[in-house]
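In our numbering, the protein residues as written are 165 to 270.
The following block contains the structure:
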(Lines of atoms letter the chains of each structure in order from A and count residues from 1; the text may use other names and numbers.)
(Lines give C-alpha, C1' and ligand atoms only; values in the text may rest on other atoms or scores of the structure.)
Protein backbone atom coordinates (compact mmCIF):
# COMPACT_ATOMS: atom_id res chain seq x y z
CA UNK A 1 0.00 0.00 0.00
CA UNK A 2 1.30 3.45 -0.90
CA UNK A 3 0.30 6.40 1.26
CA UNK A 4 0.94 10.09 0.80
CA UNK A 5 1.67 11.89 4.05
CA UNK A 6 1.76 15.68 4.09
CA UNK A 7 4.14 16.53 6.90
CA UNK A 8 4.89 20.21 7.65
CA UNK A 9 8.56 21.12 7.96
CA UNK A 10 7.89 22.69 11.36
CA UNK A 11 6.94 19.23 12.67
CA UNK A 12 10.16 17.64 11.38
CA UNK A 13 12.17 19.26 14.17
CA UNK A 14 9.73 18.12 16.86
CA UNK A 15 10.80 15.62 19.49
CA UNK A 16 9.12 12.23 19.60
CA UNK A 17 5.37 12.23 20.04
CA UNK A 18 1.98 11.62 18.48
CA UNK A 19 1.04 12.58 14.92
CA UNK A 20 -2.27 14.44 14.97
CA UNK A 21 -4.12 15.10 11.74
CA UNK A 22 -6.75 13.74 9.41
CA UNK A 23 -7.14 11.40 6.50
CA UNK A 24 -8.22 12.90 3.20
CA UNK A 25 -11.51 11.14 2.35
CA UNK A 26 -11.38 8.96 -0.75
CA UNK A 27 -7.59 9.13 -1.09
CA UNK A 28 -4.66 7.31 0.43
CA UNK A 29 -3.44 10.56 1.96
CA UNK A 30 -2.98 11.95 5.44
CA UNK A 31 -2.36 15.52 6.53
CA UNK A 32 -0.35 15.94 9.72
CA UNK A 33 -1.41 19.05 11.63
CA UNK A 34 0.65 18.74 14.80
CA UNK A 35 2.98 16.63 16.89
CA UNK A 36 2.00 16.18 20.55
CA UNK A 37 5.34 15.90 22.39
CA UNK A 38 6.18 13.36 25.07
CA UNK A 39 5.44 13.21 27.94
CA UNK A 40 1.67 13.24 27.79
CA UNK A 41 -1.28 11.37 29.25
CA UNK A 42 -3.22 9.53 26.50
CA UNK A 43 -6.67 10.19 28.00
CA UNK A 44 -5.93 13.93 28.11
CA UNK A 45 -4.96 13.82 24.43
CA UNK A 46 -8.26 12.08 23.61
CA UNK A 47 -10.20 14.73 25.57
CA UNK A 48 -8.35 17.58 23.84
CA UNK A 49 -9.03 16.11 20.39
CA UNK A 50 -12.73 15.78 21.24
CA UNK A 51 -12.80 19.48 22.19
CA UNK A 52 -11.03 20.45 18.95
CA UNK A 53 -13.49 18.42 16.88
CA UNK A 54 -16.47 19.93 18.67
CA UNK A 55 -15.21 23.49 18.21
CA UNK A 56 -13.99 23.17 14.62
CA UNK A 57 -16.37 20.53 13.22
CA UNK A 58 -13.27 18.99 11.57
CA UNK A 59 -12.51 15.34 12.34
CA UNK A 60 -8.97 15.04 13.70
CA UNK A 61 -7.34 11.98 15.18
CA UNK A 62 -4.08 10.52 16.34
CA UNK A 63 -2.76 8.95 13.14
CA UNK A 64 0.45 7.46 14.49
CA UNK A 65 3.76 8.20 16.13
CA UNK A 66 6.76 10.37 15.31
CA UNK A 67 10.23 9.45 16.52
CA UNK A 68 13.07 11.97 16.20
CA UNK A 69 16.01 10.11 17.57
CA UNK A 70 19.70 10.74 18.04
CA UNK A 71 20.79 7.14 17.63
CA UNK A 72 19.00 4.00 18.72
CA UNK A 73 15.64 4.63 20.41
CA UNK A 74 15.43 3.84 24.08
CA UNK A 75 13.81 0.46 24.53
CA UNK A 76 11.16 1.85 26.89
CA UNK A 77 10.27 4.61 24.40
CA UNK A 78 10.05 2.08 21.56
CA UNK A 79 7.69 -0.13 23.58
CA UNK A 80 5.63 2.90 24.56
CA UNK A 81 5.35 4.04 20.92
CA UNK A 82 4.18 0.58 19.85
CA UNK A 83 1.63 0.43 22.66
CA UNK A 84 0.01 3.69 21.60
CA UNK A 85 -1.40 1.95 18.52
CA UNK A 86 -3.78 0.05 20.78
CA UNK A 87 -4.85 3.13 22.75
CA UNK A 88 -5.42 5.33 19.70
CA UNK A 89 -6.63 2.62 17.34
CA UNK A 90 -6.47 3.84 13.77
CA UNK A 91 -5.96 1.94 10.55
CA UNK A 92 -3.48 2.41 9.04
CA UNK A 93 -1.24 3.42 11.92
CA UNK A 94 1.68 5.62 10.84
CA UNK A 95 5.12 5.25 12.42
CA UNK A 96 7.56 7.86 11.13
CA UNK A 97 11.15 8.18 12.34
CA UNK A 98 13.99 10.49 11.48
CA UNK A 99 17.60 10.34 12.59
CA UNK A 100 18.81 13.63 14.09
CA UNK A 101 21.30 15.45 11.92
CA UNK A 102 20.44 13.47 8.77
CA UNK A 103 17.87 13.52 6.03
CA UNK A 104 17.04 9.83 6.48
CA UNK A 105 13.44 8.89 7.21
CA UNK A 106 11.93 5.52 7.97
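Just so you know, even glycine gets a beta-carbon here, dropped at the ideal spot from N, CA and C. Bear in mind that the values here come from a model prediction, so they are computed numbers and not experimental data.
Practice item. Determine the extent of the alpha helix (DSSP H) in which residue 221 is found, giving its start and end residues. Key: The sequence position of residue 221 within the chain shown is 57, counting from 1. It is not in any alpha helix (DSSP H) - residue 221 carries neither H nor E in the DSSP assignment.
Practice item. Could you tell me the boundaries of the beta strand (DSSP E) in which residue 194 lies? Key: Here the question's residue 194 lines up with position 30 in the chain shown. Unbroken beta strand (DSSP E) run through residue 194: 193 to 201.
Practice item. Within its chain, find whatever has a CB closer than 6 Å to the CB of residue 168; leave out the 5 residues flanking it on each side and keep chain order. Key: Sequence index remark: in the chain shown, residue 168 carries index 4 (1-based). Result list for residue 168: 193, in chain order.
Practice item. Could you name the residues of the same chain whose beta carbon sits closer than 6 Å to that of residue 249, not counting the 5 residues immediately before and after it, in chain order? Key: Translated into positions along the chain shown, residue 249 becomes position 85. Contacts found: 257.
Review point. Going straight from the alpha carbon of residue 203 to that of residue 225, what length do you get?
Key: For the purposes of this step, residue 203 is taken as residue 39 along the chain shown, with counting starting at 1. For the purposes of this step, residue 225 is taken as residue 61 along the chain shown, with counting starting at 1. If you take the alpha carbons of residue 203 and residue 225, they lie about 18 Å apart.
Exercise for review: Out of 262, 205, 201 and 221, point me to the one whose CA is closest to residue 183's CA.
Suggested key: One-based indexing of the chain shown puts residue 183 at position 19. The option with the nearest alpha carbon to residue 183 is 201.
Review point. Excluding five sequence neighbours on each side, which residues of the same chain lie with their C-beta closer than 6 Å to the C-beta of residue 259?
Key: Your numbering for residue 259 matches position 95 in the chain shown. Cβ neighbours of residue 259 beyond the five flanking positions: 228 and 229.
Review point. Should residue 190 be labelled buried (16 or more other beta-carbon atoms within 10 Å of its own) or exposed?
Key: Here residue 190 is taken as the residue at index 26 of the chain shown, counted from 1. When all chains shown are included, residue 190 counts as exposed.
Check your understanding: Taking the DSSP output, what are the residues bridged to residue 184?
Key -> Here residue 184 corresponds to residue number 20 of the chain shown, with the count starting at 1. According to DSSP, which records beta bridges pairwise, residue 184 is partnered with 198 and 226.
Check your understanding: Is it buried or exposed for residue 188, if we count other Cβ within 10 angstroms and need 16 for buried?
Key -> Against the chain shown, residue 188 aligns to sequence position 24. Exposed, by the Cβ-count rule.
Point to revise | Cutoff 8 Å; reference residue 181; Cβ partners in own chain excluding five residues on either side | key: For the purposes of this step, residue 181 is taken as residue 17 along the chain shown, with counting starting at 1. Once the five neighbours on either side are set aside, the close Cβ partners of residue 181 are 199, 200, 201, 202, 204, 229 and 230.
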